């Protein structure tokens, strides 16, 4: 049994697709297929149910995955800990960022940190806040900039800023005459929403559901500038954080009569080993927050 076989099996299990696992691991599809078949032959069990269109684990495969994920995580932490003796001569940090945060909040943090630690490699992954929290739980990321509401007890949190969700209304829309909105004002309006995995989307849709309003979603996108352009062109109403839409031509941001606030912050998994590179990023964020207060 080889470490490579276990890593291939783990990625295929997570993505439920051999081709996408091969792309993520930067190897050929036959390599993963052969490795998994050898692993199954050595174990004497079938790890995957291949009768369905989507790859799925057998009961034995699920048990095996739970065991090897812990083992692989321990091996990964051991390698990171050994590399710490290089005293930050090099290192890698993987950070998940929601698209709107990546475009408007994170660049200043990133550029300042990179100036202090130019030898560290930082990889950014744009996903929705809910998706990022799931990836942190699966040890696929070192950090995530997330909306802190309902965060798992397994995550360590560093609050960074509080913002308000506003309705982004086209300047020529009838609702633009209002000073604030109620959730019922949104009935029968065309909406442009962030895609699945966004906590903002979840919060707004939940408010609509509680008010028995069926949303009329005409478009979905995670590209913030695209959403702002669509709103200013009177395609529909969208929902973003206040600091993102402030001062945008053609858009009137309206608060809700009952304001909806979200807290943003840095999150990382509690029991995971924190490398010196990762600790340097935590310390930098804390110092930046203290300086700005």
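In this note's numbering, the protein residues as written are 12 to 304.
Even glycine gets a Cβ: it sits at the ideal position worked out from N, Cα and C.
Computed from a predicted model, the values in this text were never measured in an experiment.
{"Query": "Closest by C-alpha distance to residue 124, when choosing among 78, 238, 198, 292", "Result": "292"}
{"Query": "Residue 170 - partner residues in DSSP beta bridges", "Result": "276"}
{"Query": "Nearest neighbour of residue 301, chosen from 172, 40, 258 [CA to CA]", "Result": "172"}
{"Query": "Proximal residues to residue 85 (C-beta, below 7 Å), its chain only, five neighbours per side dropped", "Result": "none"}
{"Query": "Integer-rounded CB distance, given that residue 278 should sit under 8 Å from residue 154", "Result": "7 Å"}
{"Query": "Presumed contact (8 Å Cβ cut-off) between residue 162 and residue 144, rounded CB distance", "Result": "6 Å"}
{"Query": "Among 208, 104, 139, nearest to residue 131 - alpha-carbon criterion", "Result": "104"}
{"Query": "Given 8 Å, three or more beta-carbon pairs between the stretch 66-83 and the stretch 23-33", "Result": "yes"}
{"Query": "Enclosing beta strand (DSSP E) for residue 206 [first to last residue]", "Result": "Taken as a continuous stretch (DSSP letters only), residue 206 belongs to no beta strand (DSSP E), as it is neither H nor E."}
{"Query": "Residue 166 beta carbon less than 8 Å from that of residue 147", "Result": "yes"}
{"Query": "Residue 38 - DSSP class collapsed to helix/strand/coil", "Result": "coil"}
{"Query": "Residue nearest to residue 187 in terms of C-alpha spacing, selected from 102, 264, 297, 93", "Result": "264"}
{"Query": "Residue 175 beta carbon less than 8 Å from that of residue 266", "Result": "yes"}
{"Query": "Touch test, the stretch 207-215 against the stretch 134-144, Cβ-Cβ under 8 Å, three pairs minimum", "Result": "yes"}
{"Query": "Whole-number beta carbon distance between residue 262 and residue 243, since they are thought to touch under 8 Å", "Result": "5 Å"}
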